[in-house]
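Be aware that the sequence shown starts at 80, since it is given in the numbering used here, and climbs by one per residue.
Heads up, the beta-carbon is just placed ideally off N, CA and C, and yes, glycines get one too.
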Amino acid sequence: MEDERKDGAYGTPQKYDPTFKGPIYNRGCTDIICCVFLLLAIVGYVAVGIIAWTHGDPRKVIYPTDSRGEFCGQKGTKNANKPYLFYFNIVKCASPLVLLEFQCPTPQICVEKCPDRYLTYLNAHRSQDFEYYKQFCVPGFQNNKGVAEVLRDGDCPAVLTPSTLLARRCFPAIHAHKGVLMVGNETTYEDGHGARKNITELVEGAKKANGVLEARQLAMRIFEDYTVSWYWIVIGLVIAMVMSLLFIVLLRFLAGIMVWVMIVMVILVLGYGIFHCYMEYARLRGEAGSDVSLVDLGFQTDLRVYLHLRQTWMAFMIILSIIEVIIILLLIFLRKRILIAIALIKEASRAVGYVMCSMLYPLVTFFLLCLCIAYWASTAVFLSTSNEAIYKIFDDATDCPVAGKTCNPETFSSSNESRLCPGAHCQFAFYGGESGYHRALLGLQIFNAFMFFWLANFVLALGQVTLAGAFASYYWSLHKPDDLPAFPLFSAFSRALRYHTGSLAFGALILAIVQIIRVMLEYLDQRLKAADNKFAKFLMTCLKCCFWCLEKFIKFLNRNAYIMIAIYGTNFCTSARNAFFLLMRNIIRVAVLDKVTDFLFLLGKLLIVGSVGILAFFFFTHRIRIVQDTAPPLNYYWVPILTVIVGSYLIAHGFFSVYGMCVDTLFLCFLEDLERNDGSAERPYFMSSNLKKLLNKTNKKLVES
């Protein structure tokens, strides 16, 4: 390797210190102010959670509510046996009020089951069907009024239509018969005034109501797939974990061979993917409808439709071919650098072998992150459901002066508003509130998201400092492993919490601020999509790109700053500056060694994820069977496949992150070693014999380590 610049443009190189023998044990607390701020923020976060849990009610997310704001199907309530919501007049759900108030301006009640027949109130009023009809009237309805009064007061619906369930709500069962839209066996329906109308009006209202709940229907189907396939998903994730552990164990003993085998396997996996795409492309030749283009087909909720198009498999084949060519070209041009990266991986393998408990530390990080996610998610749900039931006056007449105003359903019948608008009724509108707490809900949600980012980044920083301290202890042991301290991982963890909580909080705070700004930019971008302002869109794109780059740079700088904190015990700013200058003084080594190593780790992740993903694809598409068992029937077989793929990547990333942190730590220590020492008897190199051979370095008058 060629020597880097040693001038003062990027600080002064480290000088020889005869007292330095690795991570400093006699250190003091750093960035105490940030530590205090973190503790105060956590106290405030707990207070926000308590307030949210006091006012919130998660049942509002799960169960629909009737016109009085009472839950349908909730145990312990009078609607416990009535889990479904029924709309008196579904056509009114097409009203603009739905978009403003998020509630259909029609009476809604909880029912045991949806209507299964076509029936009008006029026909049922004096017939034996009235008992059946009565269950769809308001609770406590007594048949002591005339037909006109019942329909005027909204005590019963004017018409019942055969309905189907969608997200626990009853919607008309609309279908086409010989090109005619029908509900049940009817092509017309009768409104509340006895007039017959074409079913198309009802269809349009139902379509708009259904459109609001299409996303929820998709979510329910996905949830159903998870309920029947979770067992196999867990098995797939366990296979990924075993493969990751096996790969790392083999990498410890056969690093060079495993790296080249890994490269070949990734190329073969991509090659098989290209072959499979070609076979599917050829198989669809001549099939009806297979030549339809993706543009003509448009977006479809059922993604399986795309797999019946030749163009889909052609696109997959082209993408995989491009990836294959790029990987092969990179391997050709970086083959010499790969040998250097293999040496670093071997050294990291030795370090992990002497600190084997480091392989279990990702479980600690995963557990702490789960706590952060659980607290954030539960607090967000309780905050979003802590509003109170708001009732408003609804009236079909357009000249009602009090329509839209808030009301009290218990006293509305005797109020002045009911006398001003005899046909109006006080109905549950939405959940909200006018108190200071309700006005501050948006700010509390932002604070909840910000604290999640801060704490999650703190947990990740704690893991990085802990691993860096343990691996630095290995590197700076002159006689390995005899000079390695006892319990290096636990010692590094204790030092990080005891002395550097403030520094970790400082680095995590900077990153959290950038991340919350990115979230706000995404929110603004979604709001500006409807606006036809090209300059605003261009500016938003530039801001999103800049903050994305800033986040990546801060993550890189924080990672190396944490390594310096683990070694020297300095504060965050000093550590970040020293790490940055050290890397800039050795920028070529950083570019080729560090990034080539990251690339090799990425290939390892792709091998594990690709192998498990292919196995999941063949299993959930019923192309292979495991003994007597086979995959369960699914609405979307891509749901468990994507879950297994994403989960496998996260598992592989967790195990490879230990190796990655080890390589980065050894690399920084290696650069420090080159600057501090010269191989003489007074200033010997601490690097292993393999690295010294690789760089043609020797220790004079000293036994090789």
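Let me check understanding here. Comparing Cα to Cα, which of C356, K613 and H387 lies closest to A367? For this step, residue 367 is matched to residue 288 along the sequence shown. Closest option to A367, Cα to Cα, is H387.
Helix, strand or coil for E761 per DSSP? Within the sequence shown, numbered from 1, the residue matching residue 761 stands at position 682. Reduced to three states, the DSSP call for E761 is coil.
Identify whether H558 lies in helix, strand or coil by the three-state DSSP scheme. Position 479 of the sequence shown holds residue 558. In this structure, H558 counts as coil in the three-state DSSP scheme.
Go ahead and label T306 buried or exposed: buried means 16 or more other beta carbons lie within 10 angstroms of its beta carbon, across all protein chains shown. Residue numbering aside, residue 306 sits at position 227 when the sequence shown is read from its first letter. Answer is exposed; the Cβ neighbour count stays below 16.
Using DSSP with H/G/I as helix, E/B as strand and the rest coil, what is F250? In the sequence shown, residue 250 corresponds to position 171, counting from 1. The answer is strand: DSSP assigns F250 an E or B state.
Take every Cβ of the segment 734-746, pair it with every Cβ of the segment 321-328, and state whether three or more of those distances are shorter than 8 Å. yes
Can you tell me whether K425 is buried or exposed, with buried defined as 16 or more other CB within 10 angstroms of its CB? Taking the first residue of the sequence shown as 1, we reach residue 425 at position 346. Buried.
Pick from R762, M337, I730 and R248 that is closest to G152, judged by C-alpha positions: Taking the first residue of the sequence shown as position 1, residue 152 is located at position 73. Per the Cα distances, R248.
Check whether A539 and A571 have beta carbons under 9 Å apart: Counting from one through the sequence shown, the residue named residue 539 turns up at place 460. Counting from one through the sequence shown, the residue named residue 571 turns up at place 492. Looking at the sequence itself, residue 539 is Leu, so the reference to Ala does not match. Contact flag unset, no.
S369 to I402, Cα distance in whole Å? Taking the first residue of the sequence shown as 1, we reach residue 369 at position 290. Taking the first residue of the sequence shown as 1, we reach residue 402 at position 323. The straight-line gap from Cα to Cα measures roughly 26 Å.
Cα-Cα, which of L164, D195 and L198 is closest to T185? Locating residue 185 in the sequence shown gives position 106, where the first residue counts as 1. Among L164, D195 and L198, the Cα nearest to that of T185 belongs to L164.
To the nearest angstrom, report how far apart G483 and S497 are at their CA atoms. In the sequence shown, residue 483 corresponds to position 404, counting from 1. In the sequence shown, residue 497 corresponds to position 418, counting from 1. Cα to Cα, G483 sits roughly 13 Å from S497.
Roughly how many angstroms separate the alpha carbons of L342 and T391, rounded to a whole number? Counting from 1 along the sequence shown, the entry for residue 342 is found at position 263. Counting from 1 along the sequence shown, the entry for residue 391 is found at position 312. For the sequence presented, residue 342 should be read as Ile rather than Leu. Approximately 27 Å, taken between the alpha carbons.
Residues that V190 bridges to, as DSSP identifies them: Along the sequence shown, read from residue 1 onward, the residue named residue 190 stands at position 111. Answer is Y163, bridged to V190.
Could you tell me the alpha carbon to alpha carbon distance between V374 and Y385, rounded to whole angstroms? As a first step, residue 374 is located in the sequence shown; it is residue number 295 there, counting from the start. As a first step, residue 385 is located in the sequence shown; it is residue number 306 there, counting from the start. Straight-line Cα distance between these residues: approximately 11 Å.
Within its chain, find whatever has a CB closer than 8 Å to the CB of Y715; leave out the 5 residues flanking it on each side and keep chain order. Your numbering for residue 715 matches position 636 in the sequence shown. The answer, listed in chain order, is R300, I301, D304, D381, L382 and R383.
Could you work out which residue in F617, L590, A159 and V443 is closest to L629 when comparing CA atoms only? Residue 629 sits at position 550 when you count from the first residue of the sequence shown. When each option's Cα is compared against that of L629, the closest is L590.
Could you give the distance in angstroms between the alpha-carbon of L563 and the alpha-carbon of S552? Taking the first residue of the sequence shown as 1, we reach residue 563 at position 484. Taking the first residue of the sequence shown as 1, we reach residue 552 at position 473. Spanning the two alpha carbons is a distance of roughly 6 Å.
Let me make sure I understand the geometry here. Which of L462, L423 and V122 has the alpha-carbon closest to that of S768? As a first step, residue 768 must be located in the sequence shown, where it is residue number 689. S768 has its Cα closest to that of L423, out of L462, L423 and V122.
Answer with buried or exposed for N277, where buried requires no fewer than 16 other C-beta atoms within 10 angstroms of its C-beta. As a first step, residue 277 is located in the sequence shown; it is residue number 198 there, counting from the start. For N277, the predicted model reports a pLDDT of 49, less than 50, meaning its position is unreliable and no value from the coordinates is stated.
I believe T37 touches Y470 by the beta-carbon criterion, under 8 Å. Please report the beta-carbon distance rounded to the nearest angstrom. Since the displayed the chain opens at 80 and closes at 784, residue 37 lies outside it and no answer follows.
I'd like the list of long-range same chain contacts for Y351, defined as Cβ closer than 8 Å, with 5 residues on each side in sequence excluded. Here residue 351 refers to the residue found at position 272 of the sequence shown. Around Y351: I693.
Note down, one range per segment and in chain order, each alpha helix (DSSP H) of at least 4 residues found wholly within the segment 342-417. 373-376 and 389-412
Using only CA atoms, which one of A319, F378 and E751 lies nearest to P102? Numbered from 1 along the sequence shown, position 23 holds the residue referred to as residue 102. Per the Cα distances, E751.
Just the C-alpha distance for V229 and C216, rounded to the nearest angstrom, thanks. Here residue 229 corresponds to residue number 150 of the sequence shown, with the count starting at 1. Here residue 216 corresponds to residue number 137 of the sequence shown, with the count starting at 1. Looking at the two C-alpha atoms, the distance is approximately 10 Å.
Can you tell me whether S242 is helix, strand or coil according to DSSP? One-based indexing of the sequence shown puts residue 242 at position 163. Residue state, collapsed to three classes: strand.
Contact defined as beta carbons within less than 8 Å: I believe A252 pairs with P236. What is the distance between those atoms, to the nearest angstrom? Here residue 252 corresponds to residue number 173 of the sequence shown, with the count starting at 1. Here residue 236 corresponds to residue number 157 of the sequence shown, with the count starting at 1. Wrong, their Cβ atoms sit about 16 Å apart, outside the cutoff.
Short check: CB of W311 to CB of F699, under 9 Å? Locating residue 311 in the sequence shown gives position 232, counting from the first residue. Locating residue 699 in the sequence shown gives position 620, counting from the first residue. Going by C-beta atoms, W311 is nearer than 9 Å to F699.
Tell me which residues share the same chain as I407 and place their Cβ nearer than 8 Å to its Cβ, disregarding the 5 neighbours each side in the sequence. As a first step, residue 407 is located in the sequence shown; it is residue number 328 there, counting from the start. Excluding residues within five positions, the ones whose Cβ falls inside 8 Å are I346.
Rounded to a whole number of angstroms, what is the C-alpha to C-alpha distance between K623 and F617? Counting from one through the sequence shown, the residue named residue 623 turns up at place 544. Counting from one through the sequence shown, the residue named residue 617 turns up at place 538. When rounded, the distance between both Cα atoms is 10 Å.
Beta-carbon proximity of F566 to A427, cut-off 9 Å: The sequence position of residue 566 within the sequence shown is 487, counting from 1. The sequence position of residue 427 within the sequence shown is 348, counting from 1. Contact flag unset, no.
Helix, strand or coil: how does DSSP classify E489 here? To locate residue 489, count along the sequence shown from 1; it is residue 410. Three-state DSSP puts E489 in coil, outside helix and strand.
In the DSSP output, what is L198 paired with across the bridge? The residue given as residue 198 occupies position 119 in the sequence shown. According to DSSP, L198 bridges with L239.
For L376, which residues of its own chain have a beta-carbon under 8 Å away from its beta-carbon, when the five flanking residues on both sides are left out? By 1-based counting over the sequence shown, the position of residue 376 is 297. Closer than 8 Å at the Cβ level, and outside the excluded window around L376, lie V384, Y385 and L388.
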